[in-house]
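Student: So in this note's numbering, spot 314 of the sequence shown is number 328, and the numbers just go up one at a time. Think of the CB as a built atom: it goes at the ideal place given N, C-alpha and C, for glycine as much as any other residue. Predicted, not measured: the structure shown is a model, and the values here were computed from it.
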Amino acid sequence: MRRGLEAGVKVGAAAAPAPGAAEAGRTPLIGLSREELAREIAALGEPAFRARQLWHWLYCRGAGRFADMTTLSKAFRARLEARYGLARPQASQDQRSADGTRKWLCRFADGQEAECVHIPEADRGTLCISSQVGCTLTCRFCHTGTQRLVRNLEAGEIVGQLMLARDALGDWPSGGAERAITNLVLMGMGEPLYNFDNVAKALGILMDPEGIALSKRRITLSTAGVVPMIRRCGESLGVNLAVSLHAVTDALRDELVPLNRKYPVAELIKACRDYPGANNARRITFEYVMLRGVNDSPADARALARLLKGIPSKVNLIPFNPWPGAPYACSAPATIARFADIVAEEGYVATVRAPRGRDIMAACGQLKSASVKPPRRARSAPPQAAAVPSS
Ligand code: SAH
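(1) For the ligand SAH, is there any heavy atom lying closer than 6 Å to the beta carbon of C237?
(2) Give the secondary structure of E301 by DSSP, where H, G and I count as helix, E and B as strand, and everything else as coil.
(3) Going by alpha carbons, who is nearest to S250 out of V240, A265, P290 and D222?
(4) Which runs of the alpha helix (DSSP H) fall wholly inside the region 325-380 and span at least 4 residues, in chain order?
(5) Give the secondary structure of H157 by DSSP, where H, G and I count as helix, E and B as strand, and everything else as coil.
(6) Taking the alpha-carbon positions, what's the M375 to L86 distance?
(7) Round the Cβ separation of M203 and A128 to the nearest angstrom and send it over; I've been treating them as touching at under 8 Å.
(8) Under 8 Å by Cβ, that's how I've got R102 and G174 pegged, so tell me the actual separation to the nearest angstrom.
(9) Whose CA, out of Y208, L217 and L305, lies closest to the CA of P242?
(10) State the Cα-Cα distance for the pair K230 and L255, rounded to the nearest angstrom.
(11) Would a C-beta distance cut-off of 7 Å place N330 and P369 closer than the cut-off?
(12) Tell me whether the region 134-154 and the region 162-172 touch, counting them as touching only if at least three CB pairs, one residue from each stretch, are closer than 8 Å.
(13) Using the beta-carbon count (16 or more within 10 Å), is R64 buried or exposed?
(14) Spatial neighbours of R75 within its chain, please: CB distance less than 7 Å, with the 5 preceding and 5 following residues excluded, ordered by chain position.
(15) Name the two residues that bound the continuous beta strand (DSSP E) containing I133.
(16) By how many angstroms is the C-alpha of T158 removed from the C-alpha of V199?
(17) Throw me the rounded Cβ distance for the A315 and I356 pair, which I believe falls under 8 Å.
(18) Cutting at 8 Å between CB atoms, please list the residues of its own chain near D310, excluding the five before and the five after it.
(19) According to DSSP, is A21 helix, strand or coil?
(20) With distance defined between alpha-carbon atoms, name the residue in Q161, W71, G189 and G371 nearest to K387.
(21) In the DSSP output, what is I233 paired with across the bridge?
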């Protein structure tokens, strides 16, 4: 089926130039809000409906070249071409898992890189995207946590990951029942609530009903618990919330998720209790990584259920995904099943996340790019992008 592609084999070429090089001096259109695009087109002296047509070409049809925008006059296309760029991030690597999961290493205009993962299932296709290059959080069980934060991703770079994936999956035009990408999760590299403005702008573009039109019900933002931003996330974006809880006591959570020292469990739980829009039909997902002998006892399961009392929640147990040098092991399947049973007996929906894409290091917590922060003096020149795998 995979036509000669072996599981875990790199199929992408790293030769293509970074988008910035090809479009130097031109304004990228991907990442402009509807309003910003309208202002650009108005400034060119074009009528407002041209901006809508252009938006349609960008986000319904996925046009990668102005030449393809056949409803626009040739003269207008030429004017656009002279000023604007359509580039997406480049796939500097493209890997496929034996289970159908596909991972791209996305290279941005400055050569920095972040990963994005497509997870096909029978009834849906989920794209997991990154919000930062690297991460500040240093969660002890997470591979990305061993990479320092390089920078936030721009709105266009967040949207660009989906554009790249849809290009690669042949998933244009937007709409229709048979889409390869039906759901979006912000569960890749980085902490989305530490890059809120760019994430919010990107989601505004992705949810726009005249474009990609992803429903907020099909988008889940995962946070390690940036308490002051949680309400804002619910109020202004209205997307589903997932919280990386992983431990029920401050003592253990301080160790596993150092952000807990700033926003302890009780504050986090309160913010979840108050999350706008949460109800029994729209529950908050609590993610809980299963670490052998660390947080996986029956007493932990009961304590978890007690903690979540009164919150419309579901529990998603994530078998720990190993990475080179990780200081933990995954709980035994029977331990995970027992844990899930106890949580369920206490009245919560408890699911065990099937590990996907482990063979290409695409599973939760395995993402890492070789990007590093350039030294201060060199920052104006694009750094050499090192196209090496995440392990
Ligand atoms: N910073 C956000 C977004 C990352 S989401 C957050 O923490 O929620 C990635 C999810 O995978 C989080 O729930 C994270 O805790 C979990 N995870 C990280 N490392 C993991 C690993 N090695 N095995 C399984 N899950 C892991």
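Tutor: Well, looking at it:
(1) Per the sequence shown, residue 237 should be read as Thr rather than Cys. Yes.
(2) E301 falls in the strand class under three-state DSSP.
(3) Of the candidates V240, A265, P290 and D222, P290 places its Cα closest to the Cα of S250.
(4) DSSP runs (the alpha helix (DSSP H)) wholly in the region 325-380: 347-359.
(5) When secondary structure is reduced to three states using DSSP, H157 falls in the coil class, being assigned neither helix nor strand.
(6) Roughly 43 Å between the two C-alpha positions.
(7) Indeed, because the Cβ distance is near 5 Å, the residues count as touching under 8 Å.
(8) Between the beta-carbon of R102 and that of G174 there is about 5 Å, and that keeps the pair under the 8 Å contact cut.
(9) Residue nearest to P242 within the set Y208, L217 and L305 is Y208 (criterion: CA-CA distance).
(10) Going by C-alpha positions, K230 is about 11 Å away from L255.
(11) For N330 and P369, no; Cβs fall outside 7 Å.
(12) Note that the region 134-154 touches the region 162-172; at least 3 beta-carbon pairs, one per stretch, sit closer than 8 Å.
(13) Buried is the call here.
(14) Apart from sequence neighbours up to five positions away, the residues of its chain that approach R75 with a beta-carbon distance below 7 Å are W186 and P187, ordered along the chain.
(15) In this chain, the beta strand (DSSP E) harbouring I133 covers E127 to P134.
(16) Their backbone Cα atoms lie some 16 Å apart in a straight line.
(17) In this structure, A315 and I356 form a Cβ contact; the two beta carbons are roughly 4 Å apart against a cut-off of 8 Å.
(18) So the qualifying residues of the chain are M304, S345, T349, I350 and F353.
(19) Residue placement at A21 is flagged as unreliable, the pLDDT there being 39, under the threshold of 50; a coordinate-derived value is accordingly withheld.
(20) Nearest of Q161, W71, G189 and G371 to K387, Cα basis: Q161.
(21) For I233, which the question treats as bridged, DSSP gives the partners L198.
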